[in-house]
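Numbered continuously in numbering that gives the first Met the number 0, the sequence shown closes out at residue 244.
All C-beta atoms in this analysis are idealised placements derived from N, C-alpha and C, irrespective of residue type, glycine included.
Only one structure is covered here, and it is reproduced in the block below.
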Amino acid sequence: MEAGNTPIEPKPRLLVIDDDHELCAMLVEYLGPEGFLASTALTGTEGLQQLARSPVDLVILDVMLPQLSGFEVLRRIRAVSRVPVIMLTARGEEVDRVVGLEMGADDYLAKPFSPRELVARIRAVLRRVPAEAAPGLIVWGPLRLDLRAHRAQAGERDLELTSAELRILELLVRADTRTVTRDELMVQALGRRLLPTDRSLDTHVSNLRRKIARCTDGVNVQSVRGAGYALTLVPARALSTAPPD
């Protein structure tokens, strides 16, 4: 490379799936100068077809889509891909946000929203990817985190974590049974400060706890009242032995 030349980082590719024509056009116009390449799809079917043809770095997905709902689109995406997904939900519809996170969304934003807030959420989600791609293999009890492969296992079973869940688990594993505060988890894993009405961290931790329990009974994700969360190892039950004659 010639002196003075620096490599140009490729722009993150985004796909907006929303049936609001004006919103899609506004986001494409706004996201371009912010350093993103945005394409749009007006239906869930069209969005899935675009993803099959050309993978992207992040999907912005509206819940209220005609014919194929946003939840169904998310389910089909998660069946084949771990691409980060930000759900757009109706303001005040907490059930939509909880369901979306439980189904594997990485974050959500309630409509109407500020484009600046959306950009902040996009960058926060994408920042988790380089951290996970850093070299490193972490083994803690029955858990095995391969950060380069964006993968976590319990024994030989894949936990199938979202990027947010993997980042939370990484922070808890690195703390090694010490409590990680809710504020720390929100800032370091989700990229924003904890607000009293924001229950997304609790939902992510609940999903993480369920996925771990499905694969192993050797690890607990404990809630520490008034503080945060911590991992604990559950000792294997000692084999009973018959008393000597």
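Output yes or no for whether 8 Å exceeds the beta carbon distance between residue i and residue j.
{"i": "Val62", "j": "Ser53", "result": "no"}
{"i": "Pro11", "j": "Leu125", "result": "yes"}
{"i": "Leu170", "j": "Leu184", "result": "yes"}
{"i": "Gly31", "j": "Ala37", "result": "yes"}
{"i": "Leu136", "j": "Glu164", "result": "no"}
{"i": "Leu64", "j": "Gly43", "result": "yes"}
{"i": "Leu160", "j": "Lys110", "result": "no"}
Quick one: is residue i buried, meaning 16 or more other Cβ sit within 10 Å of its Cβ, or exposed?
{"i": "His203", "result": "buried"}
{"i": "Val79", "result": "exposed"}
{"i": "Leu13", "result": "buried"}
{"i": "Cys23", "result": "buried"}
{"i": "Asp17", "result": "buried"}
{"i": "Val220", "result": "buried"}
{"i": "Pro129", "result": "Because the pLDDT at Pro129 is just 48, under 50, the model does not fix this residue reliably, and the point stays unresolved."}
{"i": "Gly103", "result": "buried"}
{"i": "Ala212", "result": "exposed"}
{"i": "Gly225", "result": "exposed"}
{"i": "Gly99", "result": "buried"}
{"i": "Val72", "result": "buried"}
In its own chain, which residues sit with a C-beta less than 6 Å from the C-beta of residue i, not counting the 5 before and 5 after it?
{"i": "Arg127", "result": "Ser162 and Arg166"}
{"i": "Tyr252", "result": "One cannot answer for residue 252 here, as it falls past the ends of the chain, which runs 0 to 244."}
{"i": "Arg96", "result": "Thr88 and Tyr107"}
{"i": "Leu41", "result": "Asp18"}
Near residue i, which residues of its chain fall below 7 Å by C-beta distance, leaving aside the five closest residues on each side in sequence?
{"i": "Arg120", "result": "Ile85, Asp106 and Leu108"}
{"i": "Arg181", "result": "Leu193, Leu200 and Gly227"}
{"i": "Thr215", "result": "Pro141, Ala153 and Gly154"}
{"i": "Val55", "result": "Arg12, Leu13, Leu14 and Val82"}
Could you please give me the residues that DSSP links to residue i through a beta bridge?
{"i": "Ala226", "result": "None; Ala226 has no bridge partner."}
{"i": "Lys110", "result": "Ala89"}
{"i": "Gln48", "result": "DSSP, once it has assigned bridges, lists no residue as partnering Gln48."}
{"i": "Asn206", "result": "Asn206 is not bridged to any residue."}
{"i": "Leu232", "result": "Val218"}
{"i": "Arg143", "result": "Val138 and Gln152"}
Quick one: residues in its chain with C-beta nearer than 8 Å to the C-beta of residue i, no 5 flanking neighbours on either side, listed in chain order?
{"i": "Leu50", "result": "Leu14, Val58, Ile76, Ser80 and Val82"}
{"i": "Val223", "result": "Thr178 and Ala229"}
Taking one C-beta from the segment 142 to 150 and one from the segment 192 to 203 each time, how about it: are there three or more such pairs within less than 8 Å?
no
Check whether the segment 166 to 186 and the segment 224 to 231 touch, using three or more Cβ-Cβ pairs below 8 Å as the test.
yes
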